[in-house]
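Q: Quick one: structure below, then a few questions.
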Ligand code: NI
């Protein structure tokens, strides 16, 4: 059977601030510009989650979209309408850039899919694409096996 990749889009909104406590105000502003402003700012993110595998002979599906949506919705509830620096545990050491957020979402989505009961084997998380704006997105394919 051919391997096929299926992707689904999800929308969520979060705010963030780029700032390193150990740097001076001048250094933070030099590196991060407006993103270092003290009260942060928000984005309407679009997340694309791609899963690859051979379509199941009985269902024709790589993964049931009910399972994919359920797993990802369960992750995004922890990010939607949150301040990434203040309201999530992931960015105490890391700057909440789109790059870092994409890797965090990969780990969380992979764990949520793995923990969801009843998903037949044969799928793998293939790609996370995270759009911060219409002009900017980050892709992450996980660590090489
Ligand atoms: Ni931003």
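Residue numbers (my numbering): 1038 to 1182. Glycine included, every Cβ here is placed at the ideal spot set by N, Cα and C.
Give the DSSP-derived three-state secondary structure of residue 1048 in the structure shown.
A: Strand, per DSSP.
Q: Can you grab the Cα-Cα spacing for the pair residue 1054 / residue 1096, in whole Å?
A: Cα-Cα distance, rounded: 45 Å.
Q: Would you mind stating whether residue 1047 and residue 1113 have Cβ atoms separated by less than 8 Å?
A: Yes, the pair counts as a contact, with Cβ atoms nearer than the cut-off.
Q: For the beta strand (DSSP E) containing residue 1107, name the first residue and the last one.
A: Looking at the DSSP string, residue 1107 is not in any beta strand (DSSP E); the run it does join, the alpha helix (DSSP H), is 1102 to 1113.
Q: My understanding is that residue 1142 touches residue 1165, with C-beta atoms under 8 Å, so please give their C-beta distance in whole angstroms.
A: 6 Å
Q: If you follow the beta strand (DSSP E) that residue 1060 is part of, which residue opens it and which one closes it?
A: Here residue 1060 belongs to no beta strand (DSSP E), and DSSP marks it neither H nor E.
Q: Can you give the Cα-Cα distance for residue 1129 and residue 1177, rounded to whole angstroms?
A: 21 Å
Q: Is residue 1061 closer than 8 Å to residue 1081 when the C-beta atoms are compared?
A: no
Q: Under the three-state reduction of DSSP, which class applies to residue 1159: helix, strand or coil?
A: coil
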